[in-house]
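A short worksheet on the structure shown next.
Protein chains in written order, with our numbering: chain H, 1 to 527; chain Z, 1001 to 1176.
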C-alpha cells in the first residue's frame, strides 16, 4: 500500500466544477427574475446556501477539534479532508459579507428587525417587541456575530492547518507539533460552541424576528454537522472510487456511518424537543412558527423528518449497511440533501412572511399592516377539523393575532369573508378581539371558499421556491456545492493526503471496530 | 451448558497472536474446539473460529419495536379511550406527549429483552455455579479448550500434540 499519496486536481474535474458554479450563478440570477420588490427569493437562496456551506466548514473544524482533543487516533487517515473542508470558512467570510452589506445598505428584507424606524416609537412601523430586542438585533452586532465570529474561527482553522502541514516537514521526536495541535483544537471547542449559537441566531433565527427558541442553536448546528458529515462520507467514497485513500478501510467508514446514524437520531431528538416545548407551552407567539409551517409547508415539514430521521434510521441501523460503500453513499446523499432542505425550511417561510408583511406596509400604509393581521385571523383554522394531535398548535394561532393590534386598540377592523362589507367591528380590547373574531370565524364556518381566495391573495399558498425548492434553488445548490468542492479540492491538492508524521498514524491505519459480518472478505487481518 | 460434568483438556497461551495462529492451525487440522477463553475481546477471532455473526441485534430490534408499540398503545388506550383525561389544555389523544415515554419503553424493552436473552443463551441465571477452567483466563492467559469426555485416547493425544506444536505455555485436564 502506498502511503505517500498526493491528490491531483484533474482539469476535467476542475472544468466540471466551474460549469457547476456557472450554473449556480445563472440560477441565482434567474431567481431574481420576476421576484418581489425585495428580491426575497434571490436573497433567501443566497443566504440559505452561503450559511449552509459555511456552516459545514465550521462543523468540519469543530468535529476535527473534538477528535483531536479526545485523543482520537482512528481518524488520522482522513484528517486532511477535514482540514481542507474547514478552510472553506475563508470563502464563507466573503459570502456572508455580502449579506452583511445587504443589511447595512437595506438591499434586502430578510430581517424584519432591519426595517428602518422599527425601534422608533413615533414611527408607523414601530414594533415594541423588536425594539426590545434591538440591543442584540442590530447591524453592528450582526456584523460582529456573523463575519466577525467567522473570522475568529477561520484564524483557528488556519493555525491548525498550518501546524499540521508543518508537522509533515519536520521530524520531531518530542511531539512538539502534536502538542501545539492539541492546544489549538481544545481552545477552539468553547469558541466554536458558544459563538456558533449567536452566529445561527443572528443569521437564521432572527428571520422570524418575533419568534425565539432556546433549542434553535443546537438544532441548527447539528443539522449543519450532519450535512457536513454526509458530504464528508460521500467525498471519501468518491475519492476512493478515483483510486485515492486506499488505506481508508470499511472500519473507518463504519465509524463514520455510526456517527451519521447516531447524530441523525440526536437531530431528531432536538427537532422534537423544540417542537414539544413549544407545543406543550402553547404560547401563541411561539406556536405560530410551527402553525405556519405545518399548514402552509406540509411537504417540507414532514419531508424533513422523513429524510433526516426515517431514512438514516432504517437504512443505517444494520451493521452491514454502514460498511458497504453503496448503501452508505446512498444514505449520505439523502441526508446531505435532507439537511440542505432543513435549512430551506428554516429560512424560506419566515423570510416570505416578512416580505409579504413589509410589502403590505409599504402598499397600504398603516391600514395595510392591519390588513395583514386580519388575514392572519381569517386563516385561523377550524379546530374541529384538525387532527386532534395538532389542535394544541392550532388553538394558539387564534391568539397569535394580538401582535400589532395591541398598538392600535381603537382601530376599525374590516372583517374578511362573507360579512366583509357590512360588518365593521370595533375592537374593544385585545382579549375581547380575539374571542370576537374567533366567534365570527366559527359563525361563518360554511364560508371556507372565501377564505381560500384570501390564501392566494396573501401569497401564502403553494409557490415554487418557497413551498418547495424549484429549479433555481437546485441550481443554486449545485453552484454553491461546486464552489465548495472546488475550494476543497484545491486545499486537498496542496498537501499530502496522509499526515505521515502524525503520532496516531499507525493506530489509524490499523483501526478496527471489532465487528464481524458474515461473508465479508478480508476480515480484520491487516497483518 | 449442560448440567452433566465434562472432562476438558485445555491449553494456555501467553499472547493473543499465538492464540489466533493456534486456532487457525486447529481449524485447518479439523480439531473440534469446545471453546476459547480470553481476558479481553480479541478482534478478528470470530471469523478464525468460524463463528457466524451474532443474531442478538435482530432480536433487539424486535424487542424495541414491541416496547414502542406497547408503550404507545397502552398510553393511548388508557388516556384517550378507557379513561379520557384532559390535561394542560391538550387534546384527549396528545401524541407528542407520548413520544418521550414511547422512546423510553423502546429502550427498556430492547435492553431488558437482549440482556435476558443473552444470559439465557449463555446459561447464566441466578444461583448457577460458574464452571471456571482456570482463574488466569480472566487475567493474562489465553485458553483453547477441547471436550474430551467421551473421546478416544488417540484423539486426546492428538490434542496434546497440537498444544505442544502451537506453543501452549501450559496444558491441563479438568472436569467441570
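Even glycine gets a Cβ: it sits at the ideal position worked out from N, Cα and C.
From the options, residue whose alpha carbon lies closest to that of residue i
{"i": "residue 1032 of chain Z", "options": "Z/1099, Z/1044, Z/1156", "result": "Z/1156"}
{"i": "residue 1167 of chain Z", "options": "Z/1018, Z/1077, Z/1008", "result": "Z/1018"}
{"i": "residue 1037 of chain Z", "options": "Z/1081, Z/1169, Z/1138, Z/1160", "result": "Z/1138"}
{"i": "residue 1006 of chain Z", "options": "Z/1145, Z/1171, Z/1165, Z/1154", "result": "Z/1145"}
{"i": "residue 240 of chain H", "options": "H/479, H/513, H/5", "result": "H/5"}
{"i": "residue 123 of chain H", "options": "H/470, H/463, H/361", "result": "H/361"}
{"i": "residue 237 of chain H", "options": "H/136, H/167, H/328, H/174", "result": "H/328"}
{"i": "residue 356 of chain H", "options": "H/178, H/208, H/172", "result": "H/208"}
{"i": "residue 245 of chain H", "options": "H/494, H/84, H/313, H/1", "result": "H/1"}
Cα-Cα separation between residue i and residue j, rounded to whole angstroms
{"i": "residue 378 of chain H", "j": "residue 292 of chain H", "result": "Its pLDDT being 44, under 50, residue 378 of chain H is placed unreliably in this model, and the value from its coordinates should be taken loosely. The straight-line gap from Cα to Cα measures roughly 13 Å."}
{"i": "residue 255 of chain H", "j": "residue 1094 of chain Z", "result": "37 Å"}
{"i": "residue 345 of chain H", "j": "residue 268 of chain H", "result": "15 Å"}
{"i": "residue 1069 of chain Z", "j": "residue 47 of chain H", "result": "42 Å"}
{"i": "residue 68 of chain H", "j": "residue 185 of chain H", "result": "6 Å"}
{"i": "residue 38 of chain H", "j": "residue 220 of chain H", "result": "26 Å"}
{"i": "residue 491 of chain H", "j": "residue 91 of chain H", "result": "12 Å"}
{"i": "residue 115 of chain H", "j": "residue 200 of chain H", "result": "20 Å"}
{"i": "residue 1135 of chain Z", "j": "residue 153 of chain H", "result": "54 Å"}
{"i": "residue 1081 of chain Z", "j": "residue 1096 of chain Z", "result": "17 Å"}
{"i": "residue 24 of chain H", "j": "residue 53 of chain H", "result": "14 Å"}
{"i": "residue 202 of chain H", "j": "residue 129 of chain H", "result": "16 Å"}
{"i": "residue 165 of chain H", "j": "residue 192 of chain H", "result": "22 Å"}
{"i": "residue 104 of chain H", "j": "residue 144 of chain H", "result": "13 Å"}
{"i": "residue 33 of chain H", "j": "residue 112 of chain H", "result": "23 Å"}
{"i": "residue 15 of chain H", "j": "residue 175 of chain H", "result": "41 Å"}
{"i": "residue 323 of chain H", "j": "residue 350 of chain H", "result": "40 Å"}
{"i": "residue 261 of chain H", "j": "residue 1131 of chain Z", "result": "40 Å"}
{"i": "residue 300 of chain H", "j": "residue 11 of chain H", "result": "38 Å"}
{"i": "residue 7 of chain H", "j": "residue 157 of chain H", "result": "21 Å"}
As assigned by DSSP and simplified to three states, the class of residue i
{"i": "residue 1013 of chain Z", "result": "strand"}
{"i": "residue 27 of chain H", "result": "helix"}
{"i": "residue 312 of chain H", "result": "helix"}
{"i": "residue 1062 of chain Z", "result": "helix"}
{"i": "residue 59 of chain H", "result": "helix"}
{"i": "residue 1172 of chain Z", "result": "strand"}
{"i": "residue 496 of chain H", "result": "strand"}
{"i": "residue 1145 of chain Z", "result": "strand"}
{"i": "residue 1037 of chain Z", "result": "strand"}
{"i": "residue 1131 of chain Z", "result": "coil"}
{"i": "residue 6 of chain H", "result": "strand"}
{"i": "residue 1007 of chain Z", "result": "strand"}
{"i": "residue 468 of chain H", "result": "strand"}
{"i": "residue 517 of chain H", "result": "coil"}
{"i": "residue 1 of chain H", "result": "coil"}
{"i": "residue 1099 of chain Z", "result": "helix"}
{"i": "residue 190 of chain H", "result": "helix"}
{"i": "residue 242 of chain H", "result": "coil"}
{"i": "residue 119 of chain H", "result": "coil"}
{"i": "residue 72 of chain H", "result": "coil"}
{"i": "residue 463 of chain H", "result": "coil"}
{"i": "residue 178 of chain H", "result": "helix"}
Own chain residues within Cβ distance below 7 Å of residue i, not counting five before or after
{"i": "residue 319 of chain H", "result": "515, 517"}
{"i": "residue 465 of chain H", "result": "31, 41, 472, 473"}
{"i": "residue 1067 of chain Z", "result": "1105, 1106, 1108, 1109, 1110"}
{"i": "residue 1085 of chain Z", "result": "1079"}
{"i": "residue 477 of chain H", "result": "49, 340"}
{"i": "residue 347 of chain H", "result": "44, 47, 48, 204, 207"}
Amino acids of chain A, ordered along the chain, whose beta-carbon sits closer than 8 Å to that of residue i
{"i": "residue 1046 of chain Z", "result": "Given the protein chain composition of this structure (H and Z), no chain A is represented."}
Own chain, CB closer than 8 Å to residue i, minus 5 neighbours either side, in chain order
{"i": "residue 225 of chain H", "result": "59, 62, 63, 263"}
{"i": "residue 106 of chain H", "result": "114, 116"}
Other residues of its chain near residue i: CB distance less than 6 Å, five sequence neighbours each side excluded
{"i": "residue 286 of chain H", "result": "278"}
{"i": "residue 520 of chain H", "result": "none"}
{"i": "residue 230 of chain H", "result": "332, 335, 336"}
{"i": "residue 216 of chain H", "result": "205"}
{"i": "residue 134 of chain H", "result": "119"}
{"i": "residue 13 of chain H", "result": "none"}
{"i": "residue 180 of chain H", "result": "163"}
message: Output needed in chain order: residues of the region 262 to 293 of chain H with a Cβ under 9 Å from some Cβ in chain Z.
response: 269, 272, 275, 276, 279, 280, 282
message: Against chain Z, which members of the region 506 to 522 of chain H pass a CB distance test of less than 7 Å?
response: 512, 514, 516, 517, 518
message: Can you pull out the residues from the region 1086 to 1105 of chain Z whose beta carbon lies closer than 9 Å to at least one beta carbon of chain H?
response: 1088, 1089, 1090, 1091, 1092, 1093, 1094, 1095, 1096, 1097, 1099, 1100, 1103
query: Between the region 1014 to 1043 of chain Z and chain H, which residues of the former have CB atoms less than 7 Å from a CB of the latter, in chain order?
result: 1041, 1043
task: Using a Cβ-Cβ cut-off of less than 7 Å, give me the residues of the region 1046 to 1065 of chain Z that come near chain H, in sequence order.
output: 1046, 1047, 1052, 1053
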